[in-house]
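Chains as they are written, first to last, in this note's numbering: chain E, -5 to 267; chain S, -5 to 267.
Backbone N, C-alpha and C fix where the C-beta goes; we use that ideal spot for every residue, glycine too.
Working notes, structure below.
Spelled out as structure tokens, the structure:
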């Protein structure tokens, strides 16, 4: 999957936490999933995250159902987002070379059961900068050392750095220590090439920032402020709600300002939610 | 003037380039100036730039007229923005300790006639990162070395680093090399403390970014993307159109995300122009 530039948009809209997606999964009803994917493509998604939850019942069938229906609509890279290795395996065998595993961490179960899938299917994989108990490191130092540990666990599995995508884990702005942590996310992204001695791509989940907020407008203001900071720090992929049009416009404007795409005057319509 | 934090807003709305301000200056009519300053204060300005042009006729009287009328409305710090040293002197003598000289550069005439005013009035002064012919250095290396030259010219005049405010000169996004230069602005701000060996405050003129644009909405999208990048780089003051409410909201959200002010959910009304 050719993600080399700054900053591509991965839509997080196909998500089991949304009632209509949960219903579609439960009923094996393809229509709401296909509709949502069509909307994501139309809105400019450059990859689509399929957040299917733990898939405790019929993981193989459910993943196959979703991937086949999504593939009937788009050839965009798919981010297979589940902790279930059986489901991941089913999804990866359906879209070899165009899927990203989401993801592993230093949690022993994930190192044992999910990380090896990256090698078996020659797939990109997202690694979360979380400790072995899946806790978020809150200081910049702890984030740096956790990122190094994760990178070492990855390379010790014999996998190529070019296939790893690190996620420094944006935390909700309402957390007491969020400001320090989310500043640390920017530092980590900026310093990662020097820290690891090799370029490794990065992804960040933007919706997490405004988790718990009641007002869509307030969420979007936060996203619109944090996205340009992430772009300037060198983030490769923003996992975000692609239907937040001002946030998508902020990504486009950021990419123009940073020289990733040619300059043209932004379309005002994009800034209106 | 106590500017220590990231990122305060300096309103650029009192500007001779606006027809109603030019008219007020020509007619010595205080009403439009007082109205504009009231709007700036109400919109949350933390300082006000008075861009009065060259003031070739009656510099002392015109500056006195403007400063006295502005001071009848607000005690906010005033940025005295003219190349005319006689006008600057008149303004500085009226608001000692609460005015900022805007500004000097490596241009010999400005080093000779404007820089000494900073010492005489014990005032903050803005220094433009421009070469001796007032050209914008376009590469990051040229910007760095110009900033060092400017800092040396400043300290050789016997002035304290704490009174200097560097302006790395944002260029219009339509310029062919603007992306490289405006990325360099971010690098310069970030690296300045290390480069100079001492913390020096920074200011950037945001309106310049979208100069030449026809659509207010498109201008605001660009400003809303660049301002968070500047805030994350550590910019101290954003000289900007305070009536661009989404851009002001972007500054507020940036300051919250960076931990400069406590978190609260942004007010949706601020994002609507």
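Along the alpha helix (DSSP H) that carries residue i, what are the first and last residues, could you check?
i	result
residue 28/E	24 to 36
residue 176/S	172 to 190
residue 41/E	Note, residue 41/E: premise wrong, no alpha helix (DSSP H); beta strand (DSSP E) at 41 to 45.
residue 142/E	134 to 150
residue 21/S	13 to 21
residue 49/E	Here residue 49/E belongs to no alpha helix (DSSP H), and DSSP marks it neither H nor E.
residue 101/E	Where residue 101/E is concerned, there is no enclosing alpha helix (DSSP H), given that its DSSP letter is neither H nor E.
residue 85/E	79 to 88
residue 237/E	Here residue 237/E belongs to no alpha helix (DSSP H), and DSSP marks it neither H nor E.
residue 110/E	109 to 114
Beta strand (DSSP E) containing residue i: first to last residue?
i	result
residue 196/E	195 to 199
residue 74/S	72 to 75
residue 8/S	2 to 9
residue 63/S	Taken as a continuous stretch (DSSP letters only), residue 63/S belongs to no beta strand (DSSP E), being part of the alpha helix (DSSP H) at 53 to 65.
residue 97/S	93 to 98
May I ask you to list the residues that DSSP assigns as paired with residue i?
i	result
residue 231/E	2/E and 197/E
residue 122/S	161/S
Taking C-alpha atoms, which residue in the options lies nearest to residue i?
i	options	result
residue 140/E	173/E, 239/E, 71/E and 178/E	178/E
residue 215/E	223/E, 235/E and 241/E	241/E
residue 30/S	49/S, 51/S, 66/S and 53/S	66/S
residue 198/S	190/S, 101/S and 160/S	160/S
residue 51/S	20/S, 62/S, 75/S and 63/S	20/S
residue 188/E	164/E, 12/E and 142/E	142/E
residue 97/E	207/E, 183/E, 115/E and 121/E	121/E
residue 12/S	127/S, 26/S and 152/S	26/S
residue 259/E	166/S, 256/S and 193/S	166/S
residue 88/S	64/S, 156/S and 257/S	64/S
residue 144/S	84/S, 72/S, 254/S and 105/S	105/S
residue 247/S	252/E, 255/E, 28/E and 220/E	220/E
residue 90/E	16/E, 193/E, 70/E and 207/E	70/E
residue 10/S	84/S, 184/S and 46/S	46/S
residue 136/S	154/S, 155/S and 162/S	162/S
residue 239/S	254/S, 211/S and 251/S	211/S
residue 123/S	169/S, 28/S and 186/S	186/S
residue 251/S	192/E, 183/E, 176/E and 195/E	176/E
residue 243/S	225/E, 213/E and 234/E	213/E
residue 184/S	152/S, 173/S, 174/S and 225/S	225/S
residue 172/S	254/E, 217/E and 86/E	254/E
Could you compute how far the alpha carbon of residue i sits from the alpha carbon of residue j?
i	j	result
residue 129/E	residue 200/S	40 Å
residue 249/E	residue 150/S	40 Å
residue 231/E	residue 245/S	24 Å
residue 222/S	residue 32/S	26 Å
residue 204/S	residue 229/E	25 Å
residue 209/S	residue 99/S	32 Å
residue 227/E	residue 180/E	6 Å
residue 14/S	residue 23/S	10 Å
residue 61/S	residue 37/S	20 Å
residue 278/S	residue 146/E	In the structure displayed, chain S extends from -5 to 267; residue 278/S sits before or after that span and is not available.
residue 115/S	residue 125/S	26 Å
residue 190/E	residue 95/E	21 Å
residue 0/S	residue 117/S	20 Å
residue 34/S	residue 236/S	6 Å
residue 148/S	residue 158/S	8 Å
residue 267/S	residue 155/E	Reliability of the predicted coordinates at residue 267/S is poor, the pLDDT of 44 falling under 50, and no value is obtained from them.
residue 127/E	residue 169/E	19 Å
residue 202/S	residue 256/S	30 Å
residue 152/S	residue 103/S	18 Å
residue 101/E	residue 68/E	33 Å
residue 233/S	residue 196/S	11 Å
residue 164/S	residue 49/E	51 Å
residue 119/S	residue 75/S	10 Å
residue 73/S	residue 207/S	26 Å
The ligand NAP heavy atoms versus the CB of residue i: any closer than 8 Å?
i	result
residue 88/S	Absence of the ligand NAP is noted for the structure shown, with no ligands found whatsoever.
Item to check | Meets three-Cβ-pair contact criterion under 8 Å: the stretch 2 to 17 of chain E and the stretch 31 to 42 of chain E | outcome: Cβ pair count under 8 Å is three or more, so yes.
Next on the checklist: Under 8 Å: do the stretch 103 to 111 of chain E and the stretch 76 to 85 of chain E share three or more Cβ pairs, one atom per stretch?
Outcome noted: In short, these stretches touch, since the Cβ pair count reaches three.
Next on the checklist: Measuring CB atoms only, is the stretch 48 to 57 of chain S touching the stretch 251 to 263 of chain E, in the sense that at least three cross pairs come out at less than 8 Å?
Outcome noted: They do not touch, by the three-pair rule.
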